[in-house]
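This report refers to the structure that appears directly beneath it.
Protein chains: 2
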Amino acid sequence: MNAQFKKGVVEMCILKLVSSSDMYGLEVIEGISKEIEVNENTVYPILRRLTLAGYFNTYKEKNPSGPDRKYYRATKEGTLYLGELLHEYRAFTKKVERIIGE
Amino acid sequence: MNAQFKKGVVEMCILKLVSSSDMYGLEVIEGISKEIEVNENTVYPILRRLTLAGYFNTYKEKNPSGPDRKYYRATKEGTLYLGELLHEYRAFTKKVERIIGE
DNA sequence: CTATCTATTGTGTTATGCACAATAGTATGA
DNA sequence: TCATACTATTGTGCATAACACAATAGATAG
Numbered sequence: 001m002n003a004q005f006k007k008g009v010v011e012m013c014i015l016k017l018v019s020s021s022d023m024y025g026l027e028v029i030e031g032i033s034k035e036i037e038v039n040e041n042t043v044y045p046i047l048r049r050l051t052l053a054g055y056f057n058t059y060k061e062k063n064p065s066g067p068d069r070k071y072y073r074a075t076k077e078g079t080l081y082l083g084e085l086l087h088e089y090r091a092f093t094k095k096v097e098r099i100i101g102e
Numbered sequence: 001m002n003a004q005f006k007k008g009v010v011e012m013c014i015l016k017l018v019s020s021s022d023m024y025g026l027e028v029i030e031g032i033s034k035e036i037e038v039n040e041n042t043v044y045p046i047l048r049r050l051t052l053a054g055y056f057n058t059y060k061e062k063n064p065s066g067p068d069r070k071y072y073r074a075t076k077e078g079t080l081y082l083g084e085l086l087h088e089y090r091a092f093t094k095k096v097e098r099i100i101g102e
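Chains as they are written, first to last, in my numbering: chain U, 1 to 102; chain B, 1 to 102.
Structure representation (structure tokens):
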């Protein structure tokens with residue numbers, strides 16, 4: 001799979017999933033992996049980056065079968081940013097279709 | 001415009017344009033620019049890279065109003081590679097739509 | 001008490017778009 | 001003629017994102 005096509009798109013997918021409902025890292029990875037092959041070393045840094053940027057808040061929850069889970073919750077800014085990304089992405093893919101057309 | 005979304009896609013668009021008909025650099029830039037904002041310093045290196053990879057051949061043509069133009073023509077390998085990219089890209093965007101869906 | 005599973009973090013590499021800059025041929029106006 | 005502008009291409013270096021490789025750490029089962 002061409003890794004280049006994923007640039008920026010994985011971030012948007014993560015924002016979408018976490019905006020739908022709070023999730024911890026592995027849950028996000030599973031969610032994306034249902035459709036797109038994605039590496040844990042890709043998802044975790046994005047979660048940290050988006051948290052640092054103020055798009056996510058985090059909180060810990062006990063896990064009976066292993067170490068605590070770090071949950072991510074989208075902030076208002078995160079939801080706004082997701083909206084922008086979705087708009088940009090859809091406009092972009094439409095333009096690309098006009099070039100590669102038919 | 002999110003530059004990340006363009007990763008890999010500009011290359012595919014260039015392959016598509018040159019496969020449709022032989023073109024020189026600035027012509028390719030104009031073709032892409034009708035839809036997507038793209039920089040000359042993005043397009044020229046891709047043309048050289050694809051030539052080096054055997055996906056394009058080049059030939060010079062006289063230009064009455066300036067320096068010679070370097071034309072690019074897609075090879076059989078280039079056309080095959082374009083087909084693969086188009087297939088991958090469309091499969092990928094479908095999967096993304098399933099995540100960001102509704 | 002070692003192995004395994006779950007969950008997360010850290011370092012370094014690669015590829016691509018692009019900003020900044022330069023080179024070079026041709027034409028045109030002062 | 002010579003400076004300027006336009007056309008066409010090339011070169012250097014940077015930022016970013018995906019990911020390979022690796023490590024850390026808690027919990028549980030054999």
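We put the beta carbon where it would ideally sit given N, CA and C, even for glycine.
query: Beta-carbon proximity list for residue 61(U), same chain, < 7 Å, skipping 5 on both sides; result: 68, 69 and 71
query: Sequence-distant residues of its chain with Cβ nearer than 6 Å to residue 24(B) (five each side left out); result: 69, 70 and 71
query: Backbone CA spacing between residue 64(B) and residue 26(B) [nearest angstrom]; result: 15 Å
query: Environment of residue 80(U) [buried if 16+ CB atoms lie within 10 Å]; result: exposed
query: Residue-level contact to chain U via CB, residue 39(B), 9 Å cutoff; result: no
query: Helix, strand or coil at residue 72(B) according to DSSP, with G and I counted as helix; result: strand
query: Neighbour list for residue 12(U) in chain B, Cβ cutoff strictly below 7 Å; result: 100
query: Distance, residue 100(B) Cα to residue 82(U) Cα; result: 10 Å
query: Three-pair Cβ contact test at 8 Å for the segment 35-44 of chain B versus the segment 35-43 of chain U; result: no
query: Residue 29(B) to residue 58(U) span [Cα, whole Å]; result: 44 Å
query: Option nearest residue 45(U) by Cα separation, candidates 8(U), 76(U) and 77(U); result: 8(U)
query: DSSP state of residue 55(B) mapped onto helix, strand, coil; result: coil
query: From 73(U), 13(U) and 1(U), residue whose alpha carbon lies closest to that of residue 96(B); result: 13(U)
query: Residue 40(B): CB within 8 Å of a non-hydrogen atom of the ligand ADP; result: Looking at this structure, you won't find the ligand ADP or any other ligand, since it has none at all.
query: As assigned by DSSP and simplified to three states, the class of residue 62(U); result: coil
query: Neighbour flag for residue 56(U) against chain B, beta carbons, 9 Å; result: no
query: Proximity of residue 107(U) and residue 2(B) at Cβ, strictly below 9 Å; result: Summary: the structure shown does not reach residue 107(U), with chain U confined to residues 1 through 102, and so no result is reported for it.
query: Amino acids of chain B, ordered along the chain, whose beta-carbon sits closer than 9 Å to that of residue 86(U); result: 100
query: N-terminal and C-terminal residue of the alpha helix (DSSP H) that residue 21(B) is part of; result: That residue, residue 21(B), is in no alpha helix (DSSP H); it is neither H nor E in DSSP.
query: Same chain only: Cβ atoms within 7 Å of residue 16(B), ignoring 5 sequence neighbours per side; result: 82
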